[in-house]
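Reviewing the structure listed below.
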Amino acid sequence: MKKTWIAMIAWIGLVTAVTAQAQEKPTSLGEIVVTEEKLFAPTKQANETVYTGSEITEKGIEIQGGKADTSVYEAINILPGISVESADPYGLAAEQRIIRVRGVRGYLGGLTVEGVPNYGGNPIGPREYLYDMENFQSISVYKGAVPVDLGTGVGTRGGAVELKPRWPEEKFGLQLAPGIGTDDYFRTFLRIDSGSLTQADTRLSGSYSYTTADKWKGPGDLGPRKNVNLALTQPLGSAADVKVWFNYNDLKQDLFRPLDYRQVQDLAQNYKFDYNERRTGVAAQDIYYYDYNRGSYLNRDLLALITVKPLDPLSLSLKPFFFNEDAEIYQGVTTAGGRIQKRIRDIERTGAVGEAGYEAGSFKTVLGYYFEKSDMNISTENYAITAAGLSYRGMGVFATTGDTYIHSPYAKIAGTYGAFDWQAGLKYFRFEDSASEGYVTGPAPAYAPVRAPDLDREAKTHDILLPSVGAGYRFSERVQTYASYGKNFIRPYSYLPLVNLYNTNRAAFIAAGVTLNDLFNGYDIEESDNVDLGVRFKTGNFEIAPTVFYGKHKNLLTTVYDPRVNLSYQQNVGKATGYGLDLETNFYITKSLTLFVNPSYTVLEYDEDLTYQGRTLQAKGNQVTDTPEFMVKAGLIYRWGNLEIIPMVRYIGSRYGDVEHKEKIDDYLIADLRLTYTLKDIPIGRAVKLALDLNNLFDKEYISVVNVSDDNREGAASYYPGAPFTAVLTASLEF
């Protein structure tokens, strides 16, 4: 690490020296003035008229520091109504980061790049750790009604996020940004834009980043994370355009060890509790050896955007895509006296999105069709812990599966009449799930798979109609109102836990005449009906945008008791009600001082009590797990010449780790500080920026991640402490 700091200081010294010429004239305090530099703003789809979402700008992403460079969720954590908790401070811990959107778990939502969904299985939902955020110009977030052309892959019950790529620039450019920090954090990012290469205006861009850090507690590393991004834009005359986008991400990590609630009660003593650095020779203890609790994740995303405008009011587009994921996660389990389980994901998704748009005057309409074929091979393998290491003990969960298909046509219309804006959309979603044949592990020494017909699952089709409407009225340039309604959904998920439960208790199910397919007959699409009412006030000095929301959720995956086998398992039978208030504000106090305050109030509670092992759980009227009622994100941006000082605070209210509210997690307040120094039009480049991010400034100990299902009983949650004080220093140079 000493060599890294020396290299970084040398880099900063070089940059400072070559920019000294730019400092010959004293810089007056008024020379660098940023007036109304927005961090977030209302947004809508290009073919809509009503602003139903929020957009985080490049500046909004930037002020959240290094952790937002490698995590989509960290980049949107500035918004009200969104709770992001992570076990690490650098945006590197894949699948050990939790997001909730108005109380709904974020992996039940959608994430798209140019409208093409990004997701996988086990767990279902977005892979938000795949991208370098320097390669995007903005992020749009829809928390209530979601446009019908977003979130088609798995669903939108947890909202939808749209990433808008930073396509190749018109002029040549080079961006180099090395960074170092506490815990041996190191990152370097390089992006090159070719500019216009030919008379046909061909443009290319490419970026590479390398990021790594030690875990802040216990042995092991976060990373290395290697990312490559390539993009091409090519106009084809005046009526057509082709864009191609490729992203490669390779991440390895050692996992953080969670706490139980008993340990949370003495957080000072257990704050740095983690996996063991060495093996003991006892299997029951060596399941906690750090090298037996790790993951590797390799993802490749390829998409194209082909746009044709045969006539002035008519536009046609086609977005073919191919996404691939290979992941292996090792974790210790207590089964059979202690063994290691490896989860394997081999996922391929191919498809296309086609659209036809027509715009005439104030009227807009779009017809689209989404098609996807996916092959998700998800399984587990068991390993015994021996003196020589790990020894294979057969498949844990294995089934042959075929291809699954999604068909989703959609249409929307929008228009403007005077000061009145309106829009409506309708999407049909059809998910064709494939059949599977089940297997169990055979005897030693081969542990070969043996057919088990009771573990078979029949093919099944799930479908739903998803309407949405919106309206807005502009009383003046300063005051606007809007209302929206939308039905959101999430397709069936959480297959592996149900298969594991059946497999573990197979004898009891067979004796009761119950097959695995019988359990899957209780799986269905989760639904929610969402209403937003909002007002936006804007003057030259401030912007205020309160939004009241209400949602009814049904068919939620909820634990039920089965007296035939004296066991509990999940089925889609739950109901919940949500409501609250989100408030986005920007105050432009002076030309050099901006204040933002984003509070939220969220309620999401079960409509009925739940049952577990024949016992009634008092859940009715209780807030769902891991959902604070009150949150506030606030900060100041103060500019003094070339210097920018950005203190920020984040308040998260108390939460619970169980549905009966027996495991309470205290509220917390965290302060961060970002300092930047920027010079433009320097002799060696367009700009140089030095940035210092100080997170958890006062080194507060607190619980960050509460890993739990909405309906979990007491004792089922896992708790991860939040990271202590960390510092990251970066030096970014643009040519």
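Taking this note's numbering, the leading residue of the sequence shown gets 295, the next gets one more, and so forth.
All residues carry an ideal CB built from backbone N, CA and C; glycine is no exception.
Query raised in the report: residue 327 by DSSP, collapsed to three states: which one?
Result: Working through the sequence shown from its first residue, we reach residue 327 at position 33. Confidence at residue 327 is low in this model, with a pLDDT of 34, below 50, so its placement is unreliable and the value that follows should be read with caution. Coil at residue 327, not helix or strand.
Query raised in the report: Thinking C-alpha only, which one of 740, 752 and 663 is nearest residue 698?
Result: Sequence index remark: in the sequence shown, residue 698 carries index 404 (1-based). Nearest of 740, 752 and 663 to residue 698, Cα basis: 752.
**Report entry** Sequence-distant residues of the same chain with beta carbon closer than 6 Å to residue 463, five excluded per side
**Finding:** Taking the sequence shown and counting its residues from 1, the one referred to as residue 463 is at position 169. Non-local beta-carbon contacts of residue 463 in its own chain, meaning distances under 6 Å to residues more than five positions away in sequence, involve 487 in chain order.
Query - Span of the beta strand (DSSP E) around residue 798 - result: Your numbering for residue 798 matches position 504 in the sequence shown. Counting along the chain, residue 798 falls outside any beta strand (DSSP E), though it belongs to the alpha helix (DSSP H) covering 789-798.
Query raised in the report: With distances taken from CA atoms, which of 837, 907, 868 and 892 is nearest residue 881?
Result: For the purposes of this step, residue 881 is identified with residue 587 of the sequence shown, where counting begins at 1. If we check each option's Cα against that of residue 881, 837 comes out closest.
Requested in this report: With DSSP collapsed to three states, give me the class of residue 321.
Outcome: On the sequence shown, residue 321 is found 27 positions in, with the first residue counted as 1. In this predicted model, residue 321 has a pLDDT of only 32, less than 50, meaning its place in the structure is not dependable; the value taken from the coordinates is given anyway. Coil, per DSSP.
Report task. List the endpoints of the continuous alpha helix (DSSP H) containing residue 561. Result -> As a position in the sequence shown, residue 561 is number 267, starting the count at 1. Its alpha helix (DSSP H) spans residues 561-564.
Query raised in the report: If we call anything under 8 Å between Cβ atoms a contact, is residue 919 one with residue 945?
Result: Translated into the one-based positions of the sequence shown, residue 919 becomes position 625. Translated into the one-based positions of the sequence shown, residue 945 becomes position 651. No.
**Report entry** For residue 670, the residue or residues it bridges with in DSSP
**Finding:** Your numbering for residue 670 matches position 376 in the sequence shown. Beta-bridge partners assigned by DSSP to residue 670: 641.
Query - Pair within 8 Å by beta-carbon distance, residue 911 and residue 867 - result: Your numbering for residue 911 matches position 617 in the sequence shown. Your numbering for residue 867 matches position 573 in the sequence shown. In this structure, residue 867 does not lie closer than 8 Å to residue 911 by Cβ.
Report task. Count the C-beta pairs between the stretch 440-453 and the stretch 657-669 that are closer than 8 Å, then say yes if the count reaches three, no if not. Result -> As far as the Cβ criterion goes, the stretch 440-453 touches the stretch 657-669, which means the pair count is three or higher.
Query raised in the report: Going by the beta-carbon positions, is the gap between residue 395 and residue 437 smaller than 8 Å?
Result: Position 101 of the sequence shown, counted from the first residue, corresponds to residue 395. Position 143 of the sequence shown, counted from the first residue, corresponds to residue 437. Yes.
Query raised in the report: DSSP on residue 476, reduced to helix/strand/coil?
Result: Working through the sequence shown from its first residue, we reach residue 476 at position 182. In this structure, DSSP gives residue 476 a state outside helix and strand, which the three-state scheme calls coil.
Report task. Please go through the same chain and pick out, in chain order, the residues whose beta-carbon is closer than 6 Å to the beta-carbon of residue 802, but skip the five residues on each side of it. Result -> Taking the first residue of the sequence shown as position 1, residue 802 is located at position 508. Correct list, in chain order: 859.
**Report entry** Delimiting residues of the beta strand (DSSP E) encompassing residue 355
**Finding:** What you label residue 355 is simply residue 61 of the sequence shown in a count that begins at 1. Boundaries for residue 355: no beta strand (DSSP E) harbours it, while the alpha helix (DSSP H) harbouring it runs 352-356, taken from the DSSP string.
Query - Contained beta strand (DSSP E) runs [length at least 3] in the stretch 426-476, N- to C-terminal order - result: Listed in chain order, the complete beta strand (DSSP E) runs (minimum 3 residues) inside the stretch 426-476 are 430-436, 454-459 and 467-475.
**Report entry** Alpha carbon of residue 725 to alpha carbon of residue 543, nearest angstrom
**Finding:** To locate residue 725, count along the sequence shown from 1; it is residue 431. To locate residue 543, count along the sequence shown from 1; it is residue 249. Each residue's Cα considered, the two are about 28 Å apart.
Requested in this report: Note down the Cα distance separating residue 328 from residue 653, rounded to an integer number of angstroms.
Outcome: Here residue 328 refers to the residue found at position 34 when the sequence shown is read from its first residue. Here residue 653 refers to the residue found at position 359 when the sequence shown is read from its first residue. Here the model assigns residue 328 a pLDDT of 38, short of 50, so the residue's position is not dependable, and the following value carries that caveat. Taking C-alpha positions only, residue 328 is separated from residue 653 by approximately 36 Å.
Report task. Consider the C-beta atom of residue 406 and the heavy atoms of the ligand GDP; say whether any pair is separated by less than 7 Å. Result -> This structure lacks the ligand GDP; in fact it carries no ligand of any kind.
**Report entry** residue 749 - DSSP class collapsed to helix/strand/coil
**Finding:** Translated into the one-based positions of the sequence shown, residue 749 becomes position 455. In the structure shown, residue 749 sits in a helix (DSSP, three-state: H, G or I).
Query raised in the report: Under 8 Å, do residue 1017 and residue 513 count as touching if we go by C-beta distance?
Result: To locate residue 1017, count along the sequence shown from 1; it is residue 723. To locate residue 513, count along the sequence shown from 1; it is residue 219. Not closer than 8 Å, so no.
Requested in this report: Tell me whether residue 371 is buried or exposed, calling it buried when 16 or more other Cβ atoms sit within 10 Å of its Cβ.
Outcome: Counting from 1 along the sequence shown, the entry for residue 371 is found at position 77. When all chains shown are included, residue 371 counts as buried.
**Report entry** residue 993, enclosing alpha helix (DSSP H) - first and last residue
**Finding:** What you label residue 993 is simply residue 699 of the sequence shown in a count that begins at 1. Segment: none, residue 993 is in no alpha helix (DSSP H) and carries neither H nor E.
Requested in this report: Excluding the 5 residues preceding and the 5 following residue 1031 in the sequence, name in chain order all residues of the same chain whose CB lies nearer than 7 Å to its CB.
Outcome: No statement about residue 1031 is possible, as the shown extent of the chain runs from 295 to 1029 and does not include it.
**Report entry** Where the alpha helix (DSSP H) through residue 558 begins and ends
**Finding:** The residue labelled residue 558 in the question sits at position 264 within the sequence shown. Bounds of the alpha helix (DSSP H) holding residue 558 are 555-558.
Query raised in the report: In the DSSP assignment, what are the bridge partners of residue 342?
Result: What you label residue 342 is simply residue 48 of the sequence shown in a count that begins at 1. Note: residue 342 sits in no beta bridge, so no partner.
Requested in this report: Whole angstroms is fine: what's the gap from residue 423's alpha carbon to residue 366's?
Outcome: Looking up residue 423 in the sequence shown gives position 129. Looking up residue 366 in the sequence shown gives position 72. Taking the straight line joining both Cα atoms gives about 7 Å.
**Report entry** residue 730 and residue 695 closer than 8 Å at C-beta
**Finding:** Working through the sequence shown from its first residue, we reach residue 730 at position 436. Working through the sequence shown from its first residue, we reach residue 695 at position 401. Their beta carbons are under 8 Å apart, which means residue 730 touches residue 695 by this criterion.
Query raised in the report: Relative to the C-alpha of residue 1022, which residue among 990, 1006, 470 and 1015 is closest?
Result: On the sequence shown, position 728 is the one that residue 1022 refers to. Checked all of 990, 1006, 470 and 1015; the closest Cα to residue 1022 is 990.
Query - CB-CB length for residue 374 against residue 894, believed under 8 Å - result: Residue numbering aside, residue 374 sits at position 80 when the sequence shown is read from its first letter. Residue numbering aside, residue 894 sits at position 600 when the sequence shown is read from its first letter. About 4 Å separates the beta carbons of residue 374 and residue 894, which is inside the 8 Å limit, making them a contact pair.
Query raised in the report: Taking Cβ positions, are residue 702 and residue 649 nearer each other than 8 Å?
Result: Indexing the sequence shown from 1 puts residue 702 at position 408. Indexing the sequence shown from 1 puts residue 649 at position 355. No, Cβ-Cβ distance for residue 702 and residue 649 is not below 8 Å.
Query raised in the report: From 607, 425 and 408, pick the residue whose C-alpha is nearest to that of residue 545; which is it?
Result: The residue labelled residue 545 in the question sits at position 251 within the sequence shown. Its Cα nearest to that of residue 545, the residue 425 stands out among 607, 425 and 408.
Query raised in the report: Can you check whether the CB of residue 907 is closer than 8 Å to the CB of residue 788?
Result: Start at 1 with the first residue of the sequence shown, and residue 788 comes out as number 494. Start at 1 with the first residue of the sequence shown, and residue 907 comes out as number 613. Contact: no.
Requested in this report: To the nearest angstrom, report how far apart residue 413 and residue 934 are at their CA atoms.
Outcome: Within the sequence shown, the letter at position 119 stands for residue 413. Within the sequence shown, the letter at position 640 stands for residue 934. Approximately 43 Å, taken between the alpha carbons.
Requested in this report: Tell me, please, whether the stretch 737-746 touches the stretch 459-477 by the rule of three or more beta-carbon pairs shorter than 8 Å.
Outcome: Flag = no, the stretch 737-746 and the stretch 459-477 do not touch.
Query raised in the report: Apart from the five residues just before and just after residue 955, which ones in its own chain have a Cβ nearer than 8 Å to its Cβ?
Result: Reading the sequence shown from its first residue, position 661 is the one you call residue 955. So the qualifying residues of the chain are 916 and 917.
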